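What follows is one structure encoded as structure tokens, with my remarks underneath.
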Amino acid sequence: MARAVRSAGAGGSRLRQDPALLATVVVLWALLALFVLYPLLMLLGRTFLEDGRPSLHGVLGIVRDPNHLTALGNSLLLAALVGLTGTALGFLFAYTAARAGLPRGWRTLLDAATLLPLVSPPFTTAIAMIFSFGPRGLVTYQLLGIKGATVYGLPSTLFSETVTYFPIAYLTLRPILATLDSNVEDMAFSLGSSRWRVFRTVTLPLAIPGLANAFLLLFAASLADFATPLILAGNDFPVLPTQAYLQITGLFDLQGGAVLSFVLLVPAFGVYLLQRYWVSRRYYVTITGKAGARTAISGVAPWARLALIALCLLVAIVICYFYALLVYASVVVALGANHAWTWRHYQVILTEGMKAIRDTLVIAGAGMPLGGLYAILVGYLVARKVFPGRQAMEVVSMVNYALPGTIVGIAYLIAFNDPPLVLTGTALIIVACYVFRYSPTGVRATVALLHQIDPSIEEASQGLGASSGTTFRRVTLPLIVPAFFAGLGVVFIRSMTAISATIFLVSINWTLITVRILENITELSLGPAAAFSVLVVLIVFAVISAISALLRRLRAPGTMAVTSLLGG
Amino acid sequence: MDAAGIRLDRLSKRFSHRVKGEVYAARDVSLRVRPGELLTLLGPSGCGKTTTLRMIAGFERADAGRVFFGEQDVTGLLANQRSIGFVFQNYALFPHLPVFENVAYGLRVKRQPEAEVARAVHEVLGLVGLRGHERQLPHQLSGGEQQRVALARAIVIRPRVLLFDEPLSNLDAKLRVHMRGEIRELQKRLSITTVYVTHDQEEAMAVSDRIAVMNQGTIVQEGTAEDLYHRPASEFVAHFIGRVNLLPGRVLGAGPGGTELEVAGTRIRVASHGTGPDPGATVRLVLRPETVELRPAAPGQPPPGMLLGTVVSRTFLGEKVEYQVRVGETLLQVTRYSAGPLESIQAGQAVLVQLPTDGVALLS
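These protein sequence lines are chains B and C, in that order.
What the first sequence shows, in the working numbering, is residues 10 to 577, in sequence order.
What the second sequence shows, in the working numbering, is residues -17 to 346, in sequence order.
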């Protein structure tokens, strides 16, 4: 306690001596207050205030409404199931990648298969599901000849969300399994255990914190996803984010949407608390010494290795099939009805859809540098500087990232629809939403990178008389450039693919590709939707490749791939 | 359990190196460890000692050669079928299990009755001095305590052989000396056949019955610490164990009484070990710094059998004084424990150097 007070005091005096630091802190706090705290407070106000007086009327109305209760129950059920199946699938992939001794080419194949869902709009697999299993689906209708097959409901939503989100679990679990001390497993093996027993009594227990973390990440992702249920859940399986969306766009009921999204906030916040205070403390720190070479002998039995590879391959094939189907659907007149070759869908999106493409690229292009800059500034300040409210800044900067997108979108809509600050209908509101929602990955990357760089390097600069601004520019910045580009890459990818928050923020002036895809799907013009999706995946792939190549050239300690940041 | 020896018969392990292509980590390693003996594999990093140990354990499959425990050929058995106790450098404790369960792990694998497990764990924790720590988790223990848990876990299953892979390198210097004494005492008491890997020659001498020195994948010399120290078979071993001077000389003649040599222009006679080299051959005398004596130089010719040298430096280290003395082309390291009349000798002065006449090894 005493230490905290002293350091805060010292930080205060340092702030006064360092105008550049002071200015940066003030500006960042102003931005965080405006784009994180203010919308959240407005959302809470809409939920709990009625005519300026505190009221539980709105919340109670939801709780009493059996439809909404069902939606809440469905949301939780779906999120839990997606968490379970996605974590299991992610573990399968991570374990195979770490233990099956795959040749490089095979590992690349697994990585590619998991990369596709990560860089696509979240509902891409949902579209492929319809193409495959819908009433006119390739499998259901063409192959099996089932007429009037129904693809809508819990199983297909679960399947689609699992395929979409399990790469997050894979990216979370792979480093954990890869860094698990192989000596510990060898030890158990040498004490007479069978391989299965080693897995059961050592490997699995040591992976439990990682598994829990992966489960919570997937739970949160599913809870926030409204596009997949909107397409696939159907009328019999309403979920909360979809209800909130329909409440606002269908009934123009802002308060209802606010209350519904607030209900969503409770489990989301619970997940956040669990992650921060339970899971993060249970990671086992193994004493590092000479890391023994991982031995093929005690790893996986030959038959188990084959089974693992076969399972992974099966999943990879399903994913590749989905995307191949998407490409196919974009170049035929109507999948399931008329399989004649055509470029028409691309012509449509490049004419009628050109505005959405241009708007999206402008917004993503504007958000990129801002997001990268914001990420390294905040990351640098919280990792390196001492100033009052440092920890608060770290927490606040993570809020929009931790909240389900639906909540953020509705909060922005409520906050910036009326004076004093009217931003709805502008590009700024969309850019701000992306920057503050997706830069936190870059913030974390910056912090992680800075933790690997000895502070004495910066102290040496200051010892030579440089101000903190000069030190940052001349010494720190070159060292954290990789985090800048990684952070920028994430903002770009998400600007191209995300929909949950920004669907509330688009307007006639500014629209987005993802929103157009969703509109296309609801209008049942699936060809253009497929063409749009293919285009998005291609653009994102091109940009990722460019940034990755750049990062390789700037290779520095702790450099990370852009895609590996999409997981956490 | 009566101890079984270990026999390695032309054990080889290759791996492919990015630049060098096929490289032998171990090549035709043949070795006998007697029942109840502690043998140390000693060598610089990358010499193949750990690979050899891991092949004995069964963590690594040998490309050629066989491993025997007693009369049994265990080459085809996996580590979990060999009944070994292994102690890793980083201890490899199960971080999620308390001390008791860590130690009990091997017994539970063997499905021993609960009462027997409790009894055996209690006994072995007593042996390593860790009673009362049963419920603690590994990260709550100090480095030395973790080491003891690793030791207890390895010996509680009464393994046929005990294997140590640099077990002390994560401990600080003082604890290292203490723990090696404990390991040695425990091993003797239980008389388990043991192979111990280290790169620290002092540690090797302190714990071993015998030492096998390895270099570049092969065993270059095998013997007791005294053998290796006094009678190194090669320059590598001479340098690896202790400090050494290699003084060039020319053989003048060999007789039953020893070898006649010319060293730095002086004739000396040494009683050397091994077969004497032929007259005329150039050799190097293996001289340990503490076996060389220094005398103040007197005016005139040096007495027979003594060399004339110049002190280059003198370092006072408390109980001993270290000198560097130039003799001819060679710089000799000399350690003297009682300064005596040399107290006043300073750098730059001339001294008489007397070489030992007994037990000098000659390297060709």
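All residues carry an ideal CB built from backbone N, CA and C; glycine is no exception.
Values in this document were obtained by computation on a predicted structure and should not be read as measured data.
Buried versus exposed, by CB contacts within 10 Å (16 or more), residue i
i                : result
K2 of chain C    : exposed
H181 of chain C  : buried
Y389 of chain B  : buried
I517 of chain B  : exposed
V275 of chain B  : exposed
V391 of chain B  : buried
G301 of chain B  : In this prediction, G301 of chain B has a pLDDT of 47, which is less than 50 and means its spatial position is unreliable; what the coordinates show is noted afterwards. By the neighbour-count rule (16 or more Cβ atoms within 10 Å), G301 of chain B is buried.
S(-2) of chain C : exposed
A32 of chain B   : exposed
A103 of chain B  : buried
Y161 of chain B  : buried
M363 of chain B  : exposed
E185 of chain C  : buried
V35 of chain B   : exposed
D190 of chain B  : buried
I326 of chain B  : exposed
D195 of chain B  : buried
S326 of chain C  : exposed
8 Å contact criterion, which residue i and residue j should meet: CB distance rounded
i                : j               : result
A277 of chain B  : L412 of chain B : 6 Å
F224 of chain B  : Y254 of chain B : Not really, about 25 Å apart at Cβ, beyond 8 Å.
T175 of chain C  : V15 of chain C  : 6 Å
L112 of chain C  : E127 of chain C : 6 Å
G201 of chain B  : N62 of chain C  : 5 Å
T317 of chain C  : P285 of chain C : Not really, about 23 Å apart at Cβ, beyond 8 Å.
T33 of chain C   : E42 of chain C  : 6 Å
V405 of chain B  : L41 of chain B  : 5 Å
A107 of chain B  : A187 of chain B : 5 Å
N83 of chain B   : V248 of chain B : 5 Å
M161 of chain C  : L153 of chain C : 6 Å
K(-5) of chain C : A44 of chain C  : 6 Å
L347 of chain C  : V110 of chain C : An answer regarding residue 347 of chain C cannot be provided, because it is not within the stretch -17 to 346 covered by chain C.
Under 9 Å between C-beta atoms of residue i and residue j
i               : j               : result
V341 of chain B : A349 of chain B : yes
M402 of chain B : L37 of chain B  : yes
I609 of chain B : I462 of chain B : The structure shown does not extend to residue 609 of chain B, since chain B spans only 10 to 577, so no value can be given for it.
A246 of chain C : V333 of chain C : no
R9 of chain C   : G163 of chain C : no
S448 of chain B : Y421 of chain B : no
G95 of chain B  : S231 of chain B : yes
Q354 of chain C : L276 of chain C : In the structure displayed, chain C extends from -17 to 346; residue 354 of chain C sits before or after that span and is not available.
P176 of chain B : I522 of chain B : no
A492 of chain B : R483 of chain B : no
T173 of chain B : P126 of chain B : yes
R55 of chain B  : I416 of chain B : no
G376 of chain B : F541 of chain B : no
L123 of chain C : V131 of chain C : yes
Within chain B, partners of residue i - CB distance below 9 Å
i               : result
A279 of chain C : Those within 9 Å of A279 of chain C in chain B number zero; the least Cβ separation is about 51 Å.
I193 of chain C : None at all; the shortest Cβ gap to chain B is about 21 Å.
Proximal chain C residues relative to residue i, where beta-carbon distance stays under 8 Å
i               : result
V193 of chain B : A74, L75, F76 and P77
Interface partners of residue i on chain B, CB under 7 Å
i               : result
Y87 of chain C  : A197 and L200
N62 of chain C  : F198, S199, G201, S202 and S203
I137 of chain C : None at all; the shortest Cβ gap to chain B is about 11 Å.
F298 of chain C : Ordered by position in chain B, no residue passes the 7 Å Cβ test against F298 of chain C, which lies about 37 Å from the chain.
A39 of chain C  : S199
Contacts of residue i in chain B (Cβ-Cβ under 8 Å)
i               : result
F68 of chain C  : D195, M196 and S199
F51 of chain C  : Correct list: empty, because the minimum Cβ distance to chain B is about 14 Å.
A155 of chain C : Chain B residues near A155 of chain C: none, gap ~16 Å exceeds 8 Å.
- Item | Within 9 Å of chain C by C-beta, residues of the region 198 to 224 of chain B in sequence order | F198, S199, L200, G201, S202, S203, R204, R206, V207, T210, V211, P214, L215 and I217
- Check each residue of the region 92 to 111 of chain C: if its Cβ is closer than 8 Å to any Cβ of chain B, include it; give the result in chain order. K92
- Proximal residues, the region 163 to 195 of chain B versus chain C, C-beta separation under 9 Å: D190, S191, N192, V193, E194 and D195
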